[in-house]
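S.K.: Heads up: the sequence shown at position 256 corresponds to 255 in numbering that gives the first Met the number 0, and the numbers run straight through without jumps.
Where is the CB? At the ideal position from N, CA and C, for every residue including glycine.
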Amino acid sequence: MAVVAVLAFMLFGSGGAGVGSPIAQAATLSTSTPGYRLHMSLELTSSALNGPVTATGSGVVDIRDHATSMSMSMNLGSDPDVTSQLGGAAIDANIIIVGTTAYVKFPSALLSSLPGASGKWFKVDLGNLAGVPGLSSLGTSPSTADPSETLESLRSVSGSIVDYGQARVDGFATTHYRAFLTASRLLDSLPASDQSLAKPAVSILQQALPGGEFPEDVWIDAHHLVRRVETTLDMDLPGGQNIQETVTVDLSDYGPQVPPAAPPASKILDLAKLVG
């Protein structure tokens, strides 16, 4: 269940409508900017959980240098096994993505079984996860794990568009649109070089989405910039479990950003070597 939730959070933090639609046009214009700031939030409920799981994150996307930095905080709810192991329900993590390489820093409570790992950044080659034991099921890629792809995938996924009228988002006057998307159409929208990497993730989500599609809401301002993207998923899992998840991404401060940099080499552990 955790794998599906993470995939949904990172893969479907975005989506879109066909070329020529107001959503695709706004996505194209938004990705032509040097960068932006983002805030992400997630709420997940499931019949398999004692309570809801929530997460928030904020960060910077530098489009020109294909670099992203993000801090995240996840509240895992009231499961006694989780809270006893972690010493609480909250987990904080920091993520830096430079090109196709991600660096993730976890709290020390999660690393007690790995001597010397506390305070380190785990290096993950997003293009080679399929060959890493224990991680191949993620089936991820730069397009599924990089928040900067939020706007990119909005540019070409087709679907009918509904105009819900005017709404204010973070102080901006916007128009609220909705498109219904499918995982297979999202896969087709990715560059050919990314499709083989994303296929396992899309396959998992295709099986989990009972109706085969999901709604994607997009708010666009008067300058044709995307201000908010919200995805709602209702997923069925093996064993009869069900997950309802809402992921919201707010975008602001379009313009030049300070490029995120990789951590110092002395602070990096290669995840592939640890689990290989």
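#1: Would you mind giving the Cβ-Cβ distance between P21 and Y176, rounded to the nearest angstrom? I have them listed as a contact below 8 Å.
#2: Beta-carbon within less than 7 Å of Q240's beta-carbon, same chain only, minus the 5 sequence neighbours each way: which residues are those?
#3: Using the Cα positions of G238 and A207, report the straight-line distance between them to the nearest angstrom.
#4: Using 8 Å as the threshold, is the C-beta distance between A88 and S72 below it?
#5: Among Q256, S251, A23, A261, which residue has its Cα nearest to the Cα of H38?
#6: Opposite P214 in the DSSP bridges: which residues?
#7: Which whole-angstrom value is the C-beta distance of E244 and L232, which I expect to be below 8 Å?
#8: Quick check on the burial criterion: 16 or more other C-beta atoms within 10 angstroms. Buried or exposed for L113?
#9: Using the rule of at least 16 other Cβ atoms within 10 Å of the residue's Cβ for burial, across every protein chain shown, is V248 buried or exposed?
#10: Taking a contact to mean a Cβ-Cβ separation below 8 Å, would you say L110 touches I90 in this structure?
#11: Which residues in the same chain as T32 place their Cβ atom closer than 7 Å to its Cβ, once the five residues preceding and following it in sequence are excluded?
#12: On the CB-based measure, 16 or more other CB atoms within 10 Å of its CB, does P263 come out buried or exposed?
#13: Should Y163 go down as buried or exposed, given a rule of 16 or more other Cβ atoms within 10 Å for buried?
#14: Under 8 Å by Cβ, that's how I've got K119 and K266 pegged, so tell me the actual separation to the nearest angstrom.
#15: Assign Q206 to one of three DSSP states: helix, strand, or coil.
#16: For H38, which residues does DSSP report across the bridge?
#17: Please go through the same chain and pick out, in chain order, the residues whose beta-carbon is closer than 7 Å to the beta-carbon of G98, but skip the five residues on each side of it.
#18: With a CB to CB cut of under 6 Å and the five nearest residues on each side skipped, what residues in its chain are close to W218?
#19: Distance, Cα to Cα, E212 vs M234?
#20: Classify I22 as helix, strand or coil using the three-state DSSP reduction.
#21: Can you tell me whether DSSP reads S80 as helix, strand or coil?
#22: Looking only at its own chain, which residues have a Cβ that is under 7 Å from the Cβ of T181, when we skip the five neighbours before and after it?
M.R.: Taking the structure as given:
#1: 6 Å
#2: M0, S45, S46, A47
#3: 11 Å
#4: no
#5: S251
#6: F179
#7: 5 Å
#8: exposed
#9: buried
#10: no
#11: I62, Y253, G254
#12: exposed
#13: exposed
#14: 6 Å
#15: helix
#16: S57, D249
#17: H65
#18: V168, T173, H175, R226, R227
#19: 10 Å
#20: helix
#21: First, the amino acid is wrong: residue 80 is Asp here, not Ser. Residue state, collapsed to three classes: helix.
#22: G211, E212
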